[in-house]
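Participant:
Residue numbers (full-length UniProt numbering), protein chains in the order written: chain W, 1 to 365; chain H, 1 to 365; chain X, 1 to 365; chain U, 1 to 365.
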């Protein structure tokens with residue numbers, strides 16, 4: 001395939017450009033009998049929707065999703081699920097200038113040389129707008145997994161230089177940053193306001209966690225659960241790093257410290273982040289991702305045009321000063337899609353497996 | 001597939017357990033006409049071979065690879081390349097004790113519950129021994145890419161708490177650590193000796209770089225070059241984190257700092273690590289991976305057996321006190337396999353593309 | 001995947017039920033720079049459209065296709081192409097009776113038991129209406145291949161008991177049967193009229209031919225060009241048999257008769273149908289497919305309902321008395337998609353191959 | 001992939017040339033816990049082995065298969081199964097002449113132009129010898145399916161002009177032709193002896209049947225059970241046609257005749273061949289395949305050499321005068337692999353499905 005499909009058994013194939021008529025996706029492999037309605041998808045779409053606060057792009061998109069197939073009388077039929085979102089706010093503007101420019105740190109330059117042609121309106125296919133369909137498809141996986149007792153949630157764990165401590169899931173839902181610490185929000189607001197005055201942007205770190213994951217998901221050796229998760233998370237726009245459990249901190253750890261010891265009462269720690277040998281342990285699956293600062297800032301930058309001439313670029317338009325702020329639902333979606341795919345893959349090969357050994361209850365975090 | 005295949009057009013499928021009769025792989029999709037001999041594969045196999053220094057496992061394996069098909073009169077024919085390495089040093093021992101134990105931080109527990117049965121001898125399929133076939137297959141990709149002007153190399157950038165500065169590629173070849181700084185080696189040796197006395201293990205960070213990568217490799221949106229690379233690197237045993245370019249450092253960077261500006265003379269920096277929008281920029285492709293400390297240490301650890309009873313585990317046997325020490329050739333192999341796959345994928349879809357825009361010469365690093 | 005995707009590099013994924021809101025497809029892997037408009041797709045869609053003659057279903061569907069992505073300023077961009085056709089004539093009717101019945105020789109029984117739930121309106125996903133999207137996607141492949149000098153065309157070679165001789169391609173375009181013999185049409189018309197009076201249906205045989213195919217397309221050993229073609233053609237509703245070249249006639253042939261001898265002026269025959277060892281020879285690719293008679297007839301048939309009770313079924317509604325009549329454009333589409341996929345696959349692996357041996361000009365047929 | 005893998009969940013990847021050191025395969029996706037030994041594979045390998053009668057090639061190959069991984073203490077572990085067969089009888093001969101010749105109806109010409117290089121010894125990769133690995137892998141699928149009550153068997157239904165009636169499965173096992181009619185064997189013997197005197201070859205038709213198939217296997221719309229089966233059967237060397245159930249006979253059938261009516265006691269016929277809408281009905285899965293006459297005959301034939309010069313070719317060496325004679329185990333293997341793959345695929349998506357509707361007992365044939 002040419003890269004627009006994710007998953008092997010629960011497959012999501014997407015299409016759509018930032019300023020085209022619509023975005024769409026086909027979800028193939030969803031088990032039949034799952035109660036599903038557009039409302040189930042809309043919830044997460046609204047969580048990532050632009051314009052929800054002054055700290056995100058002011059583009060106004062209702063992102064109303066339609067289910068065009070695969071659901072009959074309120075339940076999935078086992079047939080492919082067609083999803084569609086019409087683009088409504090493609091503000092018509094004059095692209096004559098930008099069409100010949102390569103914005104620094106944008107995909108303009110690479111798309112131009114790879115394909116020889118590109119839809120330059122709003123970034124075309126490389127726009128973060130593409131992630132709307134990941135969230136819609138991810139919501140289907142989330143609903144299926146929830147029925148199996150698996151809950152996928154995320155939060156912002158760092159905004160630029162400001163680390164954020166986890167306090168509660170409740171807090172995450174009550175602010176535009178997906179910040180788990182209510183007392184930190186004022187500081188984040190102030191930081192973002194100053195950033196906008198500086199006409200600059202900043203990076204962020206998101207943490208995603210799946211609780212209730214059973215032991216046994218993941219296919220060694222190449223399609224390890226953590227390897228496929230890394231694939232999914234790194235495929236999100238602007239992501240430059242992914243880590244599981246202790247992550248890069250494990251470099252300076254010693255074996256006696258890193259190894260998660262076990263007792264009949266459960267694991268004593270979770271430095272593994274819920275994966276051993278590429279297979280889930282039954283503990284929480286924990287991952288973190290690093291998102292780079294938005295490249296579209298109004299501070300002039302040096303670049304070249306399609307003729308190779310030096311130019312100064314100022315990226316006007318409606319952009320997120322921190323793409324990470326809206327990334328939490330997207331990261332949740334990619335983790336849910338990964339788990340869903342591996343749930344089906346595990347079931348295909350191991351349906352007969354029954355082990356009478358006690359499974360360890362999962363470590364709280 | 002069930003997880004033992006890597007790549008979509010240049011596919012590597014492997015088999016083999018640590019103490020089985022042999023390891024093998026099938027490389028499918030290699031272009032015809034490539035001069036190839038077993039010697040081309042043996043070089044990298046020797047670089048990762050155990051027992052090459054007192055700091056790695058003392059298991060003695062010649063790791064002699066045989067090419068069983070796909071090569072005729074010294075050149076590849078376009079037919080699948082069968083590779084085989086016989087296991088010679090499967091020291092026969094009494095496994096009656098270990099067979100019922102779950103070693104902490106090992107895949108024992110997860111394999112047991114996923115499959116209901118496992119080859120407990122030396123870790124079976126979950127043993128790092130499996131990576132020998134990655135290296136063999138990667139060497140084929142490396143040779144093909146080299147002919148295209150692409151060179152993939154790696155080095156150790158941190159050992160436990162000791163960061164290592166890059167000094168020269170020459171240095172990397174002259175020590176068991178793949179350390180790029182000759183003056184650092186004595187310190188590493190001392191550290192490892194003390195570690196062994198402590199009966200403990202430690203993690204490491206490896207940096208891998210591909211130079212000479214053309215602009216245009218990578219398939220948005222899910223099969224981005226960096227996403228597939230993250231998949232490949234995270235699939236290596238013991239890897240807990242992967243980053244590209246600035247990686248996690250981008251979280252606290254500002255857009256004005258992170259963005260790589262361009263001039264007619266080239267890029268002015270490479271925080272992107274050679275990828276924009278999932279497509280190679282023509283700069284060096286730069287990735288780092290974090291490897292956890294070996295779980296097999298002789299310091300007793302709490303665990304349970306298959307009956308759920310509490311036990312103390314002491315892992316005897318021949319183990320690497322730092323799996324990272326031998327990981328450099330493996331990381332190179334996974335980067336080479338990823339680039340090779342995308343080279344073919346790009347060519348399939350874009351063979352007609354010809355862009356007269358000047359490609360920027362790559363930034364030195 | 002779960003079966004709704006065709007192709008490995010030029011992939012077509014479809015969705016949509018007979019009486020749902022819309023049908024859709026995503027074509028991924030189309031090379032950039034191809035001039036493409038909705039008119040290019042509409043031509044073939046109109047050729048398969050129902051209601052074009054009194055010998056096909058009277059359902060009225062304009063089958064107006066929309067291109068939602070992947071095409072910018074008239075040319076493909078290399079990004080996925082989203083296609084959509086709204087269903088307009090889903091005649092609302094009372095399904096309370098049919099919903100509990102299994103129509104003989106229909107997919108009702110198998111869908112019911114596979115999925116436990118089914119969209120019974122007009123056959124849902126199992127309706128031949130699904131093939132509209134194959135035709136739309138196939139038209140993209142046809143246009144690309146045409147630019148390479150490859151022309152894919154088909155015709156009806158038998159209607160029920162009436163064999164049809166090939167006279168000319170011109171003739172094929174001028175009748176509702178895709179009949180290549182103008183003098184045969186009256187007979188076909190009379191046969192169909194009588195069939196309708198008999199309240200029965202009949203099968204048909206379609207022949208598809210690709211001219212201008214270069215030597216070298218096809219991937220041994222499992223993805224032979226003819227094997228993938230058989231996959232594609234057998235996946236069309238109602239197809240029960242596929243043959244290439246001499247087909248089943250080769251059983252009673254002798255080697256001295258079947259083998260296509262070669263001279264410097266070309267092949268002397270084409271019993272192979274354009275494929276040797278799974279790779280195209282450069283001759284015309286020739287395949288035939290057998291379509292069963294429509295199962296939906298008004299003559300009562302014995303069956304059971306979902307409760308296992310015996311029932312008599314009379315299938316009312318708007319059905320084709322011979323599905324084969326509209327099958328020619330669908331068969332062309334599947335051959336075009338197969339060739340397109342293998343064109344890209346061949347190019348990926350063999351771009352460097354240059355053989356100075358003379359290629360034989362293709363045998364006329 | 002480049003064509004050497006069959007299946008999506010139960011995948012078989014093969015390598016090996018006729019005169020290379022060995023043939024091999026990797027079977028990935030086999031469920032754990034299946035009792036498996038080399039003897040299970042050897043049985044079918046012996047059934048297809050050359051030299052078992054005077055009517056097949058006199059090449060002597062023990063075809064002793066080794067299991068190199070994936071099986072531990074007599075049961076499969078869920079890890080990839082590595083298979084190896086050493087080539088022992090690669091009679092060394094002078095290839096200087098044949099290396100520059102294209103044998104008519106052979107893959108010489110197509111391999112030469114596709115790859116630019118080829119292993120001309122005994123046909124290299126295009127040799128029927130490759131099918132040994134299909135049989136070995138198929139035996140694993142057969143054993144798994146047998147435990148589920150599915151039995152896959154085949155027989156020769158026509159030899160050249162001689163149709164063969166099915167009498168009994170017992171008969172099939174007692175002759176070199178896999179002939180189900182004991183009284184027909186003398187005629188077949190005489191026919192083959194005369195054929196050899198004529199220095200010619202002939203085609204054959206094989207029928208393959210799977211009994212005990214449950215309702216529900218197959219993934220609409222492209223990966224229909226019959227479409228994937230057609231793919232598998234058409235991928236066998238020399239196969240030119242595949243049909244399911246009534247096959248091409250359905251062209252002249254009427255709907256009232258073809259449709260398989262149902263009663264509470266079961267189906268009343270099986271023209272469908274066990275598949276409706278691409279999903280198994282629970283009846284016997286019935287397919288037929290046509291194999292062309294061997295191209296390697298000693299009667300001179302016109303051809304060209306690599307320089308494009310006209311030549312006369314006489315194919316000496318050890319060849320089957322009728323490749324169909326040894327094709328039955330191969331066809332069984334491909335049907336078993338197809339069913340096995342779809343068993344796992346069905347289970348992945350539909351594990352929760354439970355339908356209380358009575359399943360119809362299968363029609364005897």
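Just so it is clear, CB atoms sit at the ideal spot from N, CA and C, and this is done for glycine as well.
Nothing here was measured: the structure is a model prediction, and the numbers come from that model.
Select from 272(W), 242(W), 155(W) and 141(W) the residue whose C-alpha is nearest the C-alpha of residue 167(W).
Facilitator: Measuring from the Cα of residue 167(W), the nearest candidate turns out to be 155(W).
Participant: Just list the beta strand (DSSP E) runs in the region 258-336 of chain U, keeping only unbroken ones of 3 residues or longer that don't cross its boundaries, in chain order.
Facilitator: Listed in chain order, they are 285-291, 301-304 and 310-313.
Participant: Run through DSSP, which three-state label would residue 199(X) get?
Facilitator: Reduced to three states, the DSSP call for residue 199(X) is coil.
Participant: Could you check where the beta strand (DSSP E) with residue 66(W) kicks off and where it finishes?
Facilitator: Residue 66(W) -> beta strand (DSSP E) spans 65-67.
Participant: In chain order, what residues of the same chain have a beta carbon less than 7 Å from the beta carbon of residue 13(U), not counting five sequence neighbours either side?
Facilitator: 4, 5, 25 and 26, listed in sequence order.
Participant: Since residue 368(W) and residue 203(W) are thought to touch, with beta carbons under 8 Å apart, how far apart are those beta carbons, to the nearest angstrom?
Facilitator: Any property of residue 368(W) remains undetermined from this structure, which presents chain W solely from 1 to 365.
Participant: Per DSSP, what kind of secondary structure is residue 363(X) in: helix, strand or coil?
Facilitator: Residue placement at residue 363(X) is flagged as unreliable, the pLDDT there being 46, under the threshold of 50; a coordinate-derived value is accordingly withheld.
Participant: Determine the chain X residues that contact residue 263(U) at a beta-carbon separation under 9 Å, and present them in chain order.
Facilitator: Result: 302, 303, 304 and 310.
Participant: Among 314(U), 106(U), 109(U) and 144(U), which residue has its Cα nearest to the Cα of residue 78(U)?
Facilitator: Looking at the Cα atoms, 144(U) is the closest of the given residues.
Participant: Listing by chain order, which chain W residues have their CB less than 7 Å from the CB of residue 21(X)?
Facilitator: Residues of chain W passing the Cβ test: 68.
Participant: Whole-angstrom Cβ separation of residue 201(U) and residue 297(U), contact assumed at under 8 Å?
Facilitator: That pair is a contact at about 5 Å.
Participant: Mind checking which residues open and close the beta strand (DSSP E) that includes residue 206(H)?
Facilitator: Note, residue 206(H): beta strand (DSSP E), 204-211.
Participant: Which same chain residues end up closer than 7 Å to residue 372(H) when comparing Cβ atoms and leaving out the 5 residues on each side of it in sequence?
Facilitator: With chain H covering only 1 through 365, there is no way to say anything about residue 372(H).
Participant: Give me the Cβ distance between residue 33(W) and residue 352(U), rounded to the nearest whole Å; I'm assuming they're in contact under 8 Å.
Facilitator: Rounded, the Cβ-Cβ distance is 6 Å, consistent with contact.
Participant: With distances taken from CA atoms, which of 333(X), 252(X) and 87(X) is nearest residue 18(X)?
Facilitator: Per the Cα distances, 87(X).
Participant: Which residues, taken in chain order from the region 23-36 of chain X, show a beta carbon closer than 7 Å to some beta carbon of chain A?
Facilitator: Chain labels in this structure do not include chain A; the protein chains are W, H, X and U.
Participant: Less than 6 Å between C-beta atoms, sequence neighbours within five positions excluded: which residues of the same chain meet that for residue 364(X)?
Facilitator: Bear in mind that a pLDDT of 40 at residue 364(X), under 50, signals an unreliable position, so the model cannot answer this.
Participant: Which class does residue 9(H) belong to by DSSP, given the choice of helix, strand or coil?
Facilitator: Residue 9(H): coil per DSSP, three-state reduction.
Participant: Measuring CB atoms only, is the region 338-349 of chain H touching the region 332-350 of chain X, in the sense that at least three cross pairs come out at less than 8 Å?
Facilitator: As far as the Cβ criterion goes, the region 338-349 of chain H touches the region 332-350 of chain X, which means the pair count is three or higher.
Participant: Report all residues from its chain with a CB closer than 7 Å to the CB of residue 239(H); omit the five preceding and five following residues, and keep chain order.
Facilitator: Result list for residue 239(H): 233, 289, 290 and 291, in chain order.
Participant: Quick one: using the 10 Å Cβ neighbour count with 16 as the cut-off for buried, is residue 95(X) buried or exposed?
Facilitator: Answer is exposed; the Cβ neighbour count stays below 16.
Participant: Return the CA-CA distance between residue 225(U) and residue 147(X), expressed in angstroms with no decimal places.
Facilitator: Those two C-alpha atoms are separated by around 34 Å.
Participant: Could you tell me which residues DSSP puts in a beta bridge with residue 163(X)?
Facilitator: In DSSP, residue 163(X) forms a bridge with 158(X).
Participant: In the DSSP assignment, the beta strand (DSSP E) including residue 243(U) goes from what residue to what residue?
Facilitator: 239-244 is the span of the beta strand (DSSP E), which, as asked, contains residue 243(U).
Participant: Using DSSP with H/G/I as helix, E/B as strand and the rest coil, what is residue 355(U)?
Facilitator: In the structure shown, residue 355(U) sits in coil (DSSP, three-state: anything other than H, G, I, E or B).
Participant: Here's the rule: buried if 16 or more other CB atoms are within 10 angstroms of the residue's CB, otherwise exposed. What is residue 343(W)?
Facilitator: Counting Cβ neighbours within 10 Å, residue 343(W) comes out buried, since at least 16 surround it.
Participant: Across which residues does DSSP place residue 76(H) in a beta bridge pair?
Facilitator: Bridge partners of residue 76(H): 71(H).
Participant: Out of curiosity, what's the CA-to-CA distance linking residue 228(W) and residue 227(H)?
Facilitator: Rounded to the nearest angstrom, the two C-alpha atoms are 9 Å apart.
Participant: Report yes if the CB atom of residue 70(W) is closer than 7 Å to the CB atom of residue 114(H), and no otherwise.
Facilitator: Contact flag unset, no.
Participant: Is there a Cβ of chain W sitting closer than 7 Å to that of residue 190(U), yes or no?
Facilitator: It does not; no Cβ of chain W falls within 7 Å.
Participant: Kindly indicate if chain X contains any beta-carbon less than 7 Å away from that of residue 225(H).
Facilitator: Judged by the 7 Å Cβ criterion, residue 225(H) is not in contact with chain X.
Participant: Just mark residue 2(H) as buried or exposed, buried being the case when its beta carbon has 16 or more other beta carbons within 10 Å.
Facilitator: Buried.
Participant: Are the region 241-258 of chain W and the region 273-288 of chain W touching, with three or more C-beta to C-beta distances below 8 Å?
Facilitator: Yes: at least three Cβ pairs fall under 8 Å.
Participant: Taking the alpha-carbon positions, what's the residue 264(W) to residue 322(H) distance?
Facilitator: Answer to the nearest angstrom: the Cα atoms are 29 Å apart.
Participant: Of the residues 252(W), 279(W) and 260(W), which one's Cα is nearest the Cα of residue 237(H)?
Facilitator: The shortest C-alpha separation from residue 237(H) is found at 279(W).
Participant: As a quick exercise: from 326(X), 356(X) and 354(X), pick the residue whose alpha carbon is nearest that of residue 135(X).
Facilitator: Closest option to residue 135(X), Cα to Cα, is 326(X).
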